[in-house]
Structure formats: structure tokens, C-alpha cells
Amino acid sequence: MEQTGHDRPQPSRRAFLQRTGAWCAALFLANLASGPLPFFRRPAQAAEGAAASPSTIKAVLRRYFGDRKIAAKGVRLKVPIIAENGAVVPVKVVSDLPMQDDLYVKKIYIFVDHNTNPYIASAALSPANGRAALQLKIKMKQTSNVRAVAEMSDGSLYGDVQPVKVTIGGCGG
Amino acid sequence: MPRKFGEIQIRAPRRYGKGEIIQIKARIIHPMETGFRKDKTTQQVIPAHYINEVKVFYGDDLLTTFDWTYAVSRDPLLTFYLRADRTAPLKIVWRDNKGKGGEKIIPIAPQ
């Protein structure tokens, strides 16, 4: 009994080494033959997505605002640096832009660059609001930039961009 | 705190002067389903169900219109400011993508 117990590990170790060696060789060859393995392909794809997104968000912004320039002042976006739960990301937009009858903030938009639909929400304001501000909890799929854009009644645009790190995405299940 | 679908909770300051700018907070109890989630037991996709429009009226005037997508979190909390220059009812009306809706009215009475 002791002997068999002593005997057994040796063939199994040999078999283990053989199998491991075969697998390593197979992986290496597969890697050479067909580019990176599916397992290793994910980061590359993510990087592609990140590279592709600025043009998408640009297209979205162009659809909403045309070729008008968005000035990086007047509006401040307050977001957490790291959002632990992507399903609830508190976003606060504050601004010192005028809210008079002749010149006021007509609309505040919120965009998230990497969401499936970058347009999140908007609020159409009126001078009776007295103050242009917005507070909302939004869902974020992944780490991304959050943008706030304020459109004035005369058509000028003001905006702010802040990055938010998301540890758990909030769109799927 | 009761959490019934479509319920609106509104919080306004207790005392404020005429012409003062006050902050109003409101919460609408709503699942805000994205349409991407799957039921864990049945593996069926849960259909999208979210509020796409909230309108706020001060008296007869349209004060603010919120245009939302499914990317707003569940039980959305909305915050806005209001120049309380007259005594008038404040009405919040919401509507979702399934055609459901609701409203709540609170009085605004500056002192």
C-alpha cells in the first residue's frame, strides 16, 4: 500500500509535465498562427474603443450644437473621482452664468463619452429658475469623461469636462 | 419610507421671503430599466422602462423641462431652483416611455 502510494505520483507527475508542455506549445503555436488569443485580445479591443470614442462624442456634440464652439468656463461640473457603483454616479452642475430675462441659460446637457448612448439628460430652464444648476444621479457603463454643456438663450455655449473612474458598470446585468 | 411606483416626494424650504431663490428637491419612485438588463432567474431581457420627460410648472408658467434617457439612475432625484416671487402652486408632472405618468402639486407661499 505504501509502495503504490509512493509509486503513483511519479507517472502522474510525468503525465502532468507532458500535458503542460503540450499545452504551452499549443498555445505558443496558436499565438503565432492566428495572432493574439481571444483571452489576450480584450485589452486591445478596449484600447480600440477608447481610441474610437473621441470621434463619436464629437459627432454627438456636433449633432446637438453644430459647429458652435464650447467655451471652457462659466460652468463647473462636480463629480466623484472614483465612482464605486456605475449605476449611481452623482453629478452636479453649477454655474455663475446670468439668469436674466434677456439672457439666461436655456438648457443644460449632460453627456458621458463611453456610454452606449452618450446623451444622458438635459434640462430646459427659464429665467424664473433664478439659478442655473442641475443635480442628477446617472448610470455609467465604464470609466469615462463626463461633460456638461450649458446653452445660453443667445446661442453661446459653455461647458466642462471631468473624468470619472468606474469600478462596477451600471448598464447591464 | 413608503416606496410605491410613481410616487413623488418633494422637499422645499419651510420659510422663504418673496423673490428669494429657493432649492426644490423631488424624487420620483421609478425603476428606470435600461432594457439591457437580464432577469437572473429566467434569463429574459427586462424591457426598457424609464421616465423620459418631467415638466415643472409654477402657476401656469412652464418653469423647467427635464429630458431624460435610461441612463438616469433609478428613483431619480431632481433638483432645481425657483425664484419665489408670488404665491402659486408648483406642479411636477412626469411621463415614461410606456405612457405612464403622474403629478404632484405643492403650494409655494413666500412670506
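The listed protein sequences derive, respectively, from chains A and B.
Under this note's numbering, the first residue of the first sequence carries the number 133, and numbering increases by one thereafter.
Under this note's numbering, the first residue of the second sequence carries the number 1067, and numbering increases by one thereafter.
Using N, Cα and C, we set each Cβ at its ideal position, and we do this for glycine too.
- In the DSSP assignment, Gly291/A falls within the unbroken beta strand (DSSP E) covering 289-298.
- Minimum Cα-Cα distance from Ile1112/B among the listed residues Ser1139/B, Val1122/B, Thr1100/B, Asp1151/B corresponds to Thr1100/B.
- Any Cβ of chain B closer than 9 Å to the Cβ of Arg195/A would place that residue at the interface, and such an atom is absent.
- The DSSP-derived three-state label of Val1138/B is strand.
- When the five nearest sequence neighbours on each side are left out, the beta carbons in the same chain lying within less than 8 Å of the beta carbon of Met1098/B are those of His1115, Tyr1116, Ile1117, Tyr1136, Val1138, Ser1139, Arg1140, Asp1141, Pro1142, in order along the chain.
- For Ala1092/B, the number of other beta carbons within 10 angstroms of its own is at least 16, and it is reported as buried.
- If you draw a straight line from the Cα of Ala256/A to the Cα of Lys238/A, it comes to about 6 Å.
- Asp1162/B counts as buried, since no fewer than 16 other beta carbons sit within 10 angstroms of its beta carbon.
- Close to Val207/A, with beta-carbon spacing below 8 Å, lies no residue of chain B; the smallest spacing is near 15 Å.
- When the five nearest sequence neighbours on each side are left out, the beta carbons in the same chain lying within less than 7 Å of the beta carbon of Leu1144/B are those of Ala1092, Val1120, Phe1132, in order along the chain.
- Each residue's CA atom was taken as its position, placing Leu1129/B and Pro1155/B some 12 Å apart.
- In the DSSP assignment, the residues bridged to Ile1171/B are Lys1157/B.
- Listed along the chain, the chain B residues whose CB falls inside 9 Å of the CB of Lys269/A are Val1138, Ser1139, Arg1140, Asp1141, Pro1142, Leu1143.
- Just measuring C-alpha positions, the residue of Arg151/A, Thr299/A, Val293/A sitting nearest Val207/A is Val293/A.
- Just so you know, the alpha carbons of Gln150/A and Ser144/A end up roughly 10 Å apart.
- As a beta-bridge residue in DSSP terms, Leu266/A pairs with Val225/A.
- If you check the CB distance, Lys269/A and Val298/A do not come in under 9 Å.
- Within the DSSP bridge table, the entry for Asp286/A names no partner.
- Taking C-alpha positions only, Ala219/A is separated from Ala1078/B by approximately 27 Å.
- For the C-beta of Leu1128/B, the chain A residues within less than 8 Å are, from N- to C-terminus, Ser258.
- When the beta-carbon positions are compared, Asn247/A and Lys210/A stay at least 9 Å from each other.
- In the DSSP assignment, the residues bridged to Asp1162/B are Ile1117/B.
- Counting along the chain, Arg1093/B sits inside the beta strand (DSSP E) bounded by residues 1086-1094.
- Using a Cβ-Cβ cut-off of 8 Å, Leu1148/B is close to Ala260, Asn261, Gly262 of chain A, given in chain order.
- Taking the beta carbon of Ser254/A as reference, the chain B residues within 7 Å of it are Asp1133, listed in sequence order.
- Exclusion of the five residues before and after Thr1153/B leaves Pro1173, Ile1174, Ala1175, Pro1176 as the residues of its chain whose Cβ lies within less than 8 Å of its Cβ.
- The beta carbons of Arg194/A and Ile242/A sit no closer together than 9 Å.
- In the structure shown, Thr188/A adopts helical secondary structure according to DSSP, grouped into three states.
- Rounded to the nearest whole angstrom, the C-alpha separation of Lys1104/B and Ser254/A is 28 Å.
- Among the CB atoms of chain B, one or more fall inside 9 Å of the CB of Leu266/A.
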